[in-house]
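Below: the structure, in structure tokens.
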Amino acid sequence: MAKLKASSPTGITRRSFIQSASAISLGSLFSIGCARGDGPSVNDKINIACIGTGWQGLYNTEVFMQDKNARVVAVCDPFKEGQYMQRGICGREPARRMVNQYYDYSGPEKGGCAGYTDFREMLEERPDIDAVVITAPDHIHAVAALAAIRKGKHVFCEKPLGHSLKEVRMMREEAHAAGVATQMGNWGHGMEDIRRLCEMIWDGAIGAVREVHAWANRPGGWWPYGIDRPEDEPPVPEGMDWDLWLGPAPWRPWHPAYHPFIWRGWWDFGSGALGDMACHILDPVVWSLHLGAPESVEATSVKLNSKATPFGGEMPVWKVHPETTTAGAYLRWKFPERKGMPPVTVIWSDGGLRPTRPDALAPDKPMGDGDGGVLFMGDEGILLCGCYGKDPQLLPASKMEAYTMPKPTLPRSVGHYKEWVLACRGEGTAWSNFDYAGPLTEIVTLGIAAIKADCKLLWDAENMKFPNAPEHEHLITPVMREGWSL
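First residue of the sequence shown? That's 41 in this note's numbering, and the numbers climb one at a time after it.
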């Protein structure tokens, strides 16, 4: 049996990108050593604007500027330039310089990449932009995507698609109606392993699946949780338009507790472990089991934090911290029958919580990988995979050794990023377009709503209602700051 092997969706590894970003922080832009190759003339390329130029935003910008069918003509971020934690210098100016160096241009007047602070102004001023790549914090995704879609722009948006159920639904519906090419940034969807996993499930490798366990390693030390809003008000960093960074979120003073990256731990801006990882980890579950809207979701979570020392002194003081995401969560979605498959329960855990290790898994073998994993519990066996559907394996190992892989039935991807660029050119459809990624993200966002509601929620997907808990329906539609709207 040949071992399945995961690969980078772009040819650019995260390790190599971090090294490149570090080169920026040392005062010089890194050189891109790949050949640009033959392709359409400059005028035939898709003109792309990148919204959000933090670490992931720079990575995405680098990927798309190297695509022979694309050309990055603009970058946009409220932050001009600065240190991005340990990952180097980020911001719109480093991104602009990187792109211009790659294209051998010196400025917009020569056809190079321009920098913008406000994506709304950029979209108004640049009708030549064909498509946008959104790598901003979660609370900006929908307002930026909808603004672009309404101008007929194609959209690549990082996960999760939106910050609320209403946002996700609107993004899906408006993109579909506009006929623009879309793709969510759950890049594992373009890899070989997730297709192999689907084909194994559909081949009946473990029989009917009635229960699934999925888990993530987040939050760990990735972002804060269980803390109060800071009371001090340090000065806003030079080059940061803080009001614009907040966008539709409620006003609060600048503080390094929010930016960079650790905004993920604050509900006003981020979506916690679910928002960060579930669109990756649940992707093979949704695809292989043909999941649509769940009937219900319920959650329990660790929302408390002790402020006392473990020995002596005061008794432990336990306090709810409603503004930050949870230290750990346990969720359960229930899905009805669909496409000849029985009802299935999907269970999620994070914050160090994991399902019981199957007896069929050898003691010396890891359960999943460093980011998380999935256990598919079938009537005739168990299938284990890592994050992104990586390395699907039947348990026990002897069953995998004896198994004959089915003939491939799913078309293979040319690459998660490349397929979207081709879709922008009218050459096919991206696999994780919003018609697929929208329902996936709604499942995830429903889980976030259940964490906040702290109760079981029945879900009327057609009408977007919680029939058993109308008092929590405010969680469906976001409240936006004055001057912002969907």
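Using N, Cα and C, we set each Cβ at its ideal position, and we do this for glycine too.
Residue i: buried (16+ other C-beta within 10 angstroms of its C-beta) or exposed?
i: T396; result: exposed
i: T364; result: buried
i: H299; result: buried
i: N503; result: exposed
i: A176; result: buried
i: H320; result: buried
i: T349; result: Its pLDDT being 44, under 50, T349 is placed unreliably in this model, and the coordinates cannot settle the point.
i: D144; result: exposed
i: T366; result: buried
i: K193; result: buried
i: G266; result: buried
i: E441; result: exposed
i: Q123; result: exposed
i: G380; result: exposed
i: S438; result: exposed
i: G312; result: buried
i: P259; result: buried
i: E121; result: buried
To which residues of the same chain is residue i closer than 6 Å at the C-beta, ignoring the five residues directly before and after it?
i: S389; result: W255 and Y370
i: P324; result: I234, L237 and G429
i: F196; result: V173, Q223 and W460
i: L331; result: F375
i: K199; result: M224, G225, N226 and C319
i: S65; result: Here the model assigns S65 a pLDDT of 36, short of 50, so the residue's position is not dependable and the matter cannot be decided.
i: P436; result: A400
i: D170; result: I86 and N87
i: I387; result: H253 and R372
i: R136; result: V115, C153 and G155
Using only alpha-carbon positions, find the residue among the options that is nearest to residue i.
i: C130; options: N109, I91, R111 and E164; result: I91
i: T340; options: W373, D323, H320 and L331; result: W373
i: A89; options: S472, N109, D107 and C116; result: C116
i: L486; options: A218, H512 and V112; result: H512
i: D158; options: A188, D168 and R137; result: A188
i: V183; options: Y265, F309 and G94; result: F309
i: I246; options: H181, P334, T444 and M162; result: T444
i: I516; options: I180, A171 and H203; result: H203
i: V139; options: E164, G122, F119 and R111; result: R111
i: D178; options: A248, G97, A217 and V113; result: G97
i: L434; options: T385, L205, M520 and G244; result: G244
i: G368; options: G455, L314 and H181; result: L314
i: H514; options: P118, L201 and L205; result: L205
i: K191; options: V208, L201, E207 and A218; result: A218
i: E420; options: A248, S328 and V103; result: A248
i: F567; options: G94, V103, G466 and Q106; result: In the structure as shown, the chain starts at 41 and stops at 526, and residue 567 therefore has no counterpart that could be examined.
i: G468; options: A221, G392, S328 and L329; result: A221
i: A289; options: M162, W306 and M417; result: W306
i: L450; options: W327, I483, D500 and E164; result: W327
i: G261; options: L322, F301, W499 and T385; result: F301
Locate the alpha helix (DSSP H) running through residue i, then write down its first and last residues.
i: E164; result: F159 to E165
i: R209; result: L205 to A218
i: E102; result: W95 to M105
i: C464; result: H456 to C464
i: M2; result: Residue numbering for the chain in the displayed model covers 41 to 526; residue 2 lies beyond these limits and cannot be assessed.
i: A490; result: F474 to A493
i: E363; result: Careful: E363 lies outside any alpha helix (DSSP H) and carries neither H nor E.
i: I234; result: E232 to W242
Considering residue i, what are the terminal residues of the beta strand (DSSP E) in which it resides?
i: V252; result: V249 to A256
i: Q433; result: Q433 to L435
i: K374; result: G368 to F375
i: C90; result: I86 to I91
i: T535; result: Here the chain has residues from 41 to 526 only, and residue 535 is not among them.
i: L450; result: That residue, L450, is in no beta strand (DSSP E); it is neither H nor E in DSSP.
For residue i, collect the residues of the same chain with a Cβ closer than 7 Å to its Cβ; drop the 5 residues on either side in sequence, then sort them by chain order.
i: S453; result: G230, E459 and W471
i: A75; result: Note that A75 has pLDDT 30, beneath the 50 cutoff, so the model's placement of it is unreliable and no number is given.
i: A185; result: I174, V195, C197 and M211
i: P432; result: L44, D233, R236, L237, M240, L423 and C425
i: I180; result: G287
i: D475; result: R212 and H216
i: R160; result: A187
i: G67; result: With a pLDDT of 32 at G67, under the threshold of 50, the predicted position of this residue should be treated as unreliable, and no value is reported.
Grab me the residues of residue i's own chain with a C-beta within less than 8 Å of its C-beta, minus the 5 sequence neighbours each way, in chain order.
i: L497; result: S336, V337, E338, L486, A489, A490, F506, N508, A509 and H512
i: D168; result: N87 and V113
i: L526; result: A182, V183, L186, K206, E207, M210, P518 and M520
i: D409; result: G426, C427, K430 and D431
Measuring from the CB of residue i, is there a heavy atom of the ligand PLP at a distance below 8 Å?
i: G466; result: For the ligand PLP, the structure offers nothing, since it holds no ligand at all.
Tell me whether the region 468-488 and the region 209-225 touch, counting them as touching only if at least three CB pairs, one residue from each stretch, are closer than 8 Å. The answer is yes - the region 209-225 touches the region 468-488, with three or more Cβ pairs under 8 Å.
Could you check whether the region 154-163 touches the region 262-280, counting it as contact only if at least three pairs of C-beta atoms, one from each stretch, sit closer than 8 Å? Output reads no: the region 262-280 does not touch the region 154-163.
Touch test, the region 252-269 against the region 221-230, Cβ-Cβ under 8 Å, three pairs minimum: Not touching, per the Cβ criterion.
Pairs of beta-carbons, one from the region 489-502 and one from the region 254-271, closer than 8 Å: are there three or more? Fewer than three pairs of CB atoms, one per stretch, sit closer than 8 Å, so the region 489-502 makes no contact with the region 254-271.
Quick test of the definition: if touching needs 3 or more C-beta pairs under 8 Å, does the region 406-413 touch the region 425-438? Judged by Cβ distances under 8 Å, the region 406-413 makes contact with the region 425-438, as three or more pairs qualify.
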